[in-house]
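A short write-up of the structure that comes next.
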Amino acid sequence: MARVVVDVRLKSEILDPQGRAVQGSLVRLGLGKVSNVRQGKQFVIDIDGELNDETLKKLHELAGNLLSNPVIEDYELRVENA
Amino acid sequence: MARVVVDVRLKSEILDPQGRAVQGSLVRLGLGKVSNVRQGKQFVIDIDGELNDETLKKLHELAGNLLSNPVIEDYELRVENA
Amino acid sequence: MSEISGARIGVVTFPGSLDDRDAARAVQIAGGTSVELWHGDANLHDVDAVILPGGFSYGDYLRCGAIARFAPVMEKLVVAANGGLPVFGICNGFQILCESHLLPGALIRNDHQHFVCRDQKLRIENNTSMWTKDFSVGQEIVVPLKNGEGGYIADEKTLDALEAEGRVIARYLDVNPNGSRRDIAGISNERGNVVGLMPHPEHAVDALTGPTTDGLPFFTSVLSSLLAGVK
Amino acid sequence: MSMDTVKNASETPEVKQPYLDLGVKDDEYARIREILGRRPTNSELAMYSVMWSEHCSYKSSKVHLKQFGEKKPKSDAMLVGIGENAGVVDIGDGWAVTFKVESHNHPSFVEPYQGAATGVGGIVRDILSMGARPVAVMDPLRFGPADAKDTARVLPGIIAGVGGYGNCLGLPNIGGEVVFDPTYLGNPLVNALCVGTMRHEDIHLAKASGLGNRVILFGAATGGDGIGGVSVLASETFEDGGPAKRPSVQVGDPFMEKLLIECTLEVLHAGLVEGIQDLGGAGISCATSELASNGTGGMHVWLDRVPLRDHTLSPEEILMSESQERMCAIVPPQNVEKFMEICQKWDVVATDIGEVTDTGRLVIEWHGEIIVDVPPRTVAHDGPVYERPYHRPVWQDALQADSPSKLARPKTVSELRETILKMTAAPNLASKRWVTDQYDRYVLGNTVLSQPEDSGMVRVDETTGRGVAVSTDCNGRFAKLDPYNGAKLALAEAYRNVSVSGAVPLAVTNCLNFGSPEDPEVMWQFSEAVRGLADGCLEMNTPVTGGNVSFYNQTGDVAILPTPVVGVLGVIDDVERRTAMAWREDGDLIYLLGDTDDDLAGSEWAHEIHGHLGGLPPKIDLQKEMQLSQILVAASRDGLINAAHDVSEGGVMQTLIEMAIRSGIGARLWVPDNLDPFVFAYSESATRAVVVVPRSEETRFIEMCNARGFTNTRIGVVDSKLADEQVLSIDNVWHETLVLTLSELSKKHFETLPAIFGPTVG
Ligand SMILES: Nc1ncnc2c1ncn2[C@@H]1O[C@H](COP(=O)(O)OP(=O)(O)O)[C@@H](O)[C@H]1O
Ligand SMILES: [Mg+2]
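Chains as they are written, first to last, in my numbering: chain A, 1 to 82; chain B, 1001 to 1082; chain C, 2001 to 2231; chain D, 3001 to 3762.
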């Protein structure tokens, strides 16, 4: 079994209202020195059997247009063999 | 400046409807061998200045009860110095 | 306690609260006096009971209710609730009560992933809480439901305890609209003064604007509970 | 090229500027140079380019739109007319209502969720900037075929975006449209309408008056959102290429907008504000130039004070940014402190960025240097005006000659039965609950009617019960067959829907969605539609209070169906006496009002069963439409009817099926002797409605209709006891009886959209 983790983050120029709200709360709750917070999504995908090149290619494709919206988000994909 | 990344994931015994929906889509779009998908959140927090122990302690506290809800979620925190 | 005929029921407005006016209107139709409470004001102004209304407090960013829980008014409210003050959380208010650990469990994204607004059938399961006194057990009612994150979850042990102690106050009938465990629509704390409910009884108090008037007893219940408490 | 100052521009007249890339034509550039007596600075060029774009300047449509003013009916109800952020009408008792519809078509194609969400956000701010509290939204939408792949991409996101934003703002969604047609594939239409209410004395306008008054920007920080979006997206077709852009997608923050609404209403009600304007397309460029040219005449702005989300933005970009959730207020200096306090209470950032002057110039400074110095009117109001060529399409005659009379029609009971079941499941006629269940219709506690009723109705005054009803409509197929009459038919339908609910139609807004104005045939459709709507509004005495034009809705050479969406607002003095569509009482009589002809051109039947579009649309007599309206309103007021529903797409059969499903109760119906059963079922003749009359009121009701010479035909009776289950039983269908069970009809009606777009609840 292989584990693939896909982090999806809003592109840096895109407004992140959630991140802003979290930043506000962190500061209000006593964390003084926060300069920026961005909130993203994380997908932990468990794949049966071994991870071959073809599957990986497919995963990249899906990460780039299903898991993330390329118009506003970037993704990062890493394999964590379990 | 220091960057702290907090990953928040639903506890494994909690049903994850979003992850399940993503799993369904991945399979429908041709990824055959997905055995499980979990969807979590990721917070990227930029801290001004150096990260001292006290701030780190505060960060753990906030990760454990603001950024995550301990009833249903676990968090993982790591420091990525920029 | 103020005079019961005009029991004062506080309705908290957080930034992003939406159904606060509706909750206040329901209180008045039920015969109470509504009192506006403000999230940033750490003062309950001597009200006899409090409603946490529906809406998207703080945009529901992060998690529903997660940020509201830390509002100044909540500190006072948690203490008062633990001391027996009747508190009713509707939808977002229910989420805030769970986040504040005044009620067990949590509310997560609907299993079908969509926001849903519908006229929902419920069965009342408990008429001993301060907010359900005026119902009969087994009574079927229809009130609006509208949420994106209304799936009630808790671990099995907690669910079993809720059932055993009669703390499930209402269950979804016909359809489970959000994947809630054991069709749970609302619960109370052990003492029965704190109640959380996902559907919106405040939108069912006037036949002109709601599907029914089935929601009204939630608001009259607290008035009669307060009255009974005084006697 | 950065930091191009006025001084620099005067000294370097020869510098080549990329005006063409910004969508500015050669002659327009020459005019800018003439106005300024020098070349524009880059910031000035940015401002002119965005303000003179099609979207902001209406340069192709202006010559036609002026008919709405020229043919304006005399109506005492108009308090504020065309030219402001939104028109305002008097609904009595000191109440005023403002409403407007706007398009966000292309952004929703690019990023469905955010495009639709920010469409709602934008129109809500327009309403807010009149001083009104937004009280409801509606969303007329158009998509490609329901089962097309791109529809699966855009529809769920658009619905989630409309819902996500409106729900989070706490505005009930009280109506809209979902229409499928192949021409919208690649060009979905997302129109958003907002209604706001206020007391007469609370009306505010966008003008910067009062020498020395402060210019305060409040709301979200400015980022690189949608820079150039307005001019690039709205004035050219979809090709990419051209200069690298900042993100053209704007992301909405409905939570911020909710705070902005509460904060804005509080500062307005506290009497602190002289003038107010929302920031929409063209952002600060638009707000400052419009405010200045509508007021004392001048303004000085320190642009470097604008709070930024992205510190790399250049002044040109700040001027053009379309970051959402921002407003601009003109505040007398003595009120600034109080103003700031209220903003702080709502956690809204407010910044004093300038002051009102009497120089007649809009001067913008950036870190001590002057980068803009222009007469504001030339930016805001004196944009180019095009007399675009137009001519009747060469194919129009052939289209109108291609009548549906040759199409095969059902001729037996079983054929008609099969047709009915198919039509009931047709995506355009099927229940839109999949969509509307994602919208909050209850919030604010004043919604009296919402989907699937004929109009959305909200109570305005809780004490007296005074309220308003709004409906938006347009049959694009009719408009294609005959744009002039198609626009009148759209107006008539919206007018009828409001009347059916018991409200008196009062005013009109519109969103004119068309293909490319550079195509003379499209331009003809546009000019005909505007002429038809203007004539219609004059005849019906319902002034146009505002609207919006969206051009370039086309893929390659193929334009969308001409789609002049018409919104009609009506007033009802007590919402308690509204008329809903469900019948309730056994024995109540079902009447069809109006005349039924063989009108199948452009009908849903021709479209769904035969994929045919041709012929001439139904005739429309607006005088008769007004009579029907009077009957419906009087019947509601005098308690003569228990239910009513208008007849439009899908004809009388669809109307009856919808009423029965809504009721859950069956009825016994019969086909009038003078009508072919199929024509009775599916003709789409205009100016008709089905009403339900209690027996005790039948005589009075018929007398009222007869007194006006209005055709009324008894076609059935409510009957829950016809069979073991609830049925619609139709007699006189070629001498036989056709029986449909409500359960089979419901199944067809409700299953279509979930089968295509995935299951939700219930
Ligand atoms: N189709 C139309 N019919 C009538 N008025 C229109 C139409 N299109 C635009 N207008 C009016 O022109 C003015 C400018 O429109 P618009 O640029 O959309 O306003 P805003 O700048 O507030 O977004 C508004 O008063 C609007 O109501
Ligand atoms: Mg505007």
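Where a beta carbon is used, it is the ideal one built from N, C-alpha and C, also for glycine.
Distance between residue j and residue i (C-alpha atoms, nearest Å)
i: I3620(D); j: N3485(D); result: 7 Å
i: G2192(C); j: G3547(D); result: 54 Å
i: D3181(D); j: P3694(D); result: 39 Å
i: C3705(D); j: T3711(D); result: 7 Å
i: A3644(D); j: E2202(C); result: 29 Å
i: E73(A); j: V3306(D); result: 27 Å
i: P3743(D); j: V3727(D); result: Correcting the residue identity first, residue 3743(D) is Ser in this sequence and not Pro. Computed Cα separation, rounded: 8 Å.
i: E3084(D); j: L3065(D); result: 14 Å
i: D3586(D); j: T2212(C); result: 22 Å
i: S1042(B); j: F43(A); result: One point to set straight first is that residue 1042(B) is Gln, not Ser, in the sequence displayed. So the two alpha carbons sit approximately 10 Å from each other.
i: V2012(C); j: V3273(D); result: 29 Å
i: E2190(C); j: E2163(C); result: 11 Å
i: L3491(D); j: I3730(D); result: 32 Å
i: Y1075(B); j: G40(A); result: 14 Å
i: S3696(D); j: E3462(D); result: 31 Å
i: D3093(D); j: E3102(D); result: 28 Å
i: P3393(D); j: S3053(D); result: 26 Å
i: M3457(D); j: Q2139(C); result: 31 Å
i: N3732(D); j: L3169(D); result: 52 Å
Selection from the options that minimises the alpha carbon distance to residue i
i: D2020(C); options: G2065(C), E2036(C), G2031(C), T2209(C); result: E2036(C)
i: V3435(D); options: D3482(D), F3143(D), H3311(D), M3047(D); result: F3143(D)
i: D3676(D); options: P3013(D), D3139(D), K3411(D); result: K3411(D)
i: T2995(D); options: K3748(D), M3626(D), L3640(D); result: Since the first and last residues shown for chain D are 3001 and 3762, residue 2995(D) lies out of range.
i: N3497(D); options: G3281(D), L3512(D), G3175(D); result: G3175(D)
i: A2161(C); options: A2024(C), D2174(C), R2182(C); result: R2182(C)
i: A3469(D); options: K3480(D), D3586(D), A3503(D); result: A3503(D)
i: R963(B); options: K1011(B), R1038(B), R1078(B); result: Within the shown structure, residues of chain B are numbered from 1001 to 1082, placing residue 963(B) beyond reach of any answer.
i: A3077(D); options: V3544(D), T3596(D), V3761(D); result: V3544(D)
i: P70(A); options: G3037(D), P3112(D), E3054(D); result: P3112(D)
i: A2106(C); options: V2142(C), F2135(C), D2041(C), A2185(C); result: A2185(C)
i: L1067(B); options: N1036(B), K1011(B), V1006(B); result: V1006(B)
i: W3524(D); options: Q3623(D), D3574(D), W3395(D); result: W3395(D)
i: D3646(D); options: P3375(D), A3580(D), G3615(D); result: A3580(D)
i: I3330(D); options: Q3277(D), L3628(D), W3583(D); result: Q3277(D)
For residue j and residue i, believed in contact at Cβ under 8 Å, the rounded distance
i: V3448(D); j: R3459(D); result: 6 Å
i: Q1120(B); j: V1034(B); result: In the structure as shown, chain B begins at 1001 and stops at 1082. Residue 1120(B) is therefore absent and cannot be evaluated.
i: A3350(D); j: M3198(D); result: In fact, because the Cβ distance is near 22 Å, the residues do not count as touching under 8 Å.
i: G3356(D); j: V3249(D); result: The amino acid occupying residue 3356(D) in the given sequence is Val; Gly does not appear at that position. So it is not a contact: roughly 34 Å between Cβ atoms.
i: V2205(C); j: G2215(C); result: 5 Å
i: A3689(D); j: V3500(D); result: 6 Å
i: D3004(D); j: S3057(D); result: About 23 Å separates the two Cβ atoms, so there is no contact after all.
i: A3606(D); j: L3407(D); result: 6 Å
Quiz item: Any contact of the segment 3713-3725 of chain D with the segment 3584-3596 of chain D, i.e. 3+ C-beta pairs under 8 Å?
Solution: yes
Practice problem: Could I get the ranges of all uninterrupted alpha helix (DSSP H) runs contained in the segment 3514-3540 of chain D, with 4 residues as the minimum, in chain order? | Solution: If we require 4 residues or more, the alpha helix (DSSP H) runs fully inside the segment 3514-3540 of chain D come out as 3520-3540.
Quiz item: Going along the chain, which unbroken runs of the alpha helix (DSSP H) with 4 or more residues stay wholly within the segment 3087-3130 of chain D?
Solution: Counting only runs of 4+ residues, the alpha helix (DSSP H) found wholly inside the segment 3087-3130 of chain D occupies 3105-3110, 3112-3128, in chain order.
Practice problem: Please determine if the segment 35-50 of chain A and the segment 3081-3091 of chain D are in contact, where contact requires at least 3 C-beta pairs separated by less than 8 Å. | Solution: The segment 35-50 of chain A, when compared against the segment 3081-3091 of chain D, does not touch it at the 8 Å Cβ threshold.
Practice problem: Scan the segment 2050-2073 of chain C for residues whose Cβ lies nearer than 7 Å to a Cβ of chain E and list them as they occur along the chain. | Solution: Absence of chain E from the displayed structure is noted, the protein chains being A, B, C and D.
Practice problem: Please list the segments of the beta strand (DSSP E) lying wholly inside the segment 3603-3678 of chain D, counting only runs of 3 or more residues, in order along the chain. | Solution: 3643-3646, 3667-3670
Quiz item: So does the segment 3009-3024 of chain D actually touch the segment 2060-2080 of chain C, counting three or more Cβ pairs closer than 8 Å?
Solution: no
Self-check item: Three or more C-beta pairs below 8 Å linking the segment 3617-3637 of chain D and the segment 3745-3759 of chain D
Solution: Per the Cβ contact rule, the segment 3617-3637 of chain D is not in contact with the segment 3745-3759 of chain D (fewer than 3 Cβ pairs under 8 Å).
Quiz item: Looking at C-beta atoms only, is the number of pairs between the segment 3148-3159 of chain D and the segment 3426-3433 of chain D that lie closer than 8 Å three or more?
Solution: Contact check between the segment 3148-3159 of chain D and the segment 3426-3433 of chain D: fewer than three CB pairs, one atom from each, fall below 8 Å, which does not count as touching.
Self-check item: At least three beta-carbon pairs within less than 8 Å, the segment 3294-3310 of chain D to the segment 3219-3226 of chain D
Solution: yes
Quiz item: Is it true that the segment 3509-3523 of chain D meets the segment 3555-3565 of chain D, where meeting means three or more beta-carbon pairs spaced less than 8 Å apart?
Solution: yes
Quiz item: Looking at C-beta atoms only, is the number of pairs between the segment 3290-3299 of chain D and the segment 2090-2101 of chain C that lie closer than 8 Å three or more?
Solution: no
Quiz item: Between the segment 3020-3038 of chain D and the segment 2166-2173 of chain C, do three or more beta carbon pairs fall short of 8 Å?
Solution: The segment 3020-3038 of chain D, when compared against the segment 2166-2173 of chain C, does not touch it at the 8 Å Cβ threshold.
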